[in-house]
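Participant: Protein sequences appear in the order of chains A and B.
Quick note: the first sequence, position 51, residue 50 per numbering that gives the first Met the number 0, numbers continuous.
Quick note: the second sequence, position 49, residue 48 per numbering that gives the first Met the number 0, numbers continuous.
The beta carbon of each residue, even a glycine, is placed where N, CA and C say it ideally should be.
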Amino acid sequence: MIKSQLVKKLLNKNPHLIQKDVESITSLVLEKITSTLENDGRVEIRGFGSLSIRKRKSKNGRNPRTGESVFVPEKKAPIFKSGKGLRDRLNYKA
Amino acid sequence: MSETLTRAELAELIYSEVGISKTEASEIVDQFFEEIILDLIDGNSVKLTSFGTFSVKHKKERIGRNPKTKEEAIIDARRVISFRASKELKRRVNS
Numbered sequence: 000m001i002k003s004q005l006v007k008k009l010l011n012k013n014p015h016l017i018q019k020d021v022e023s024i025t026s027l028v029l030e031k032i033t034s035t036l037e038n039d040g041r042v043e044i045r046g047f048g049s050l051s052i053r054k055r056k057s058k059n060g061r062n063p064r065t066g067e068s069v070f071v072p073e074k075k076a077p078i079f080k081s082g083k084g085l086r087d088r089l090n091y092k093a
Numbered sequence: 000m001s002e003t004l005t006r007a008e009l010a011e012l013i014y015s016e017v018g019i020s021k022t023e024a025s026e027i028v029d030q031f032f033e034e035i036i037l038d039l040i041d042g043n044s045v046k047l048t049s050f051g052t053f054s055v056k057h058k059k060e061r062i063g064r065n066p067k068t069k070e071e072a073i074i075d076a077r078r079v080i081s082f083r084a085s086k087e088l089k090r091r092v093n094s
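1. Label A/Thr25 either buried or exposed according to how many other C-beta atoms from any shown protein chain fall within 10 Å of its C-beta, with 16 as the threshold for buried.
2. Applying the criterion that 16 or more other CB atoms from any shown protein chain within 10 Å of the CB defines a buried residue, is B/Asp41 buried or exposed?
3. Among all the DSSP beta bridges, which residues are the ones paired with B/Thr52?
4. Is B/Gly18 buried or exposed, if buried means 16 or more other CB atoms sit within 10 Å of its CB?
5. Is B/Arg61 close to chain A? Criterion is C-beta to C-beta, closer than 7 Å.
6. Can you list, in chain order, the residues of its chain whose CB lies under 8 Å from that of A/Lys56, leaving out five sequence neighbours each side?
7. Mapping the DSSP letters down to three states, classify A/Asn59 as helix, strand or coil.
Now the structure itself:
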């Protein structure tokens, strides 16, 4: 599924809304999550999971093609951890 | 600094920005995540441009060890979610 398909599904469930509104809602949600992570904040959506930032230390890496040693500066990486609800639903056995 | 964003704040934001009621706003936030979850349960990937991709990975059964008691136990084969942040998201959190 891609973003436009998600918009369509939400639109089908909410016939009282117009496409422009659902598109704004989708952008608002993703933008708010992004800006929270940008400020080193944490996102916790119960039943889905959490997003947070992990700091990666600088290291001496290698160019895999040439084998040349390169310095990789410290950086932040967004990480997702699935929540219990999602993990259970994903592995539900009837 | 260490603010935590939840469904409630997202609903509040939508309520204040889009002309819908608080109830509708909180319903659509729930539906937003529920639709993503349903697609993942079906085994599909969910790709959200300029944000990232959620996908399902299959883990094989393996023998794990309780780090505290050192007891061995079989960890069943299971499905897990992996998230790959888009270039744009990585750029934003590092700016």
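Facilitator: If we stick to the structure as given:
1. buried
2. exposed
3. B/Lys46 and B/Arg83
4. exposed
5. no
6. Glu73
7. strand
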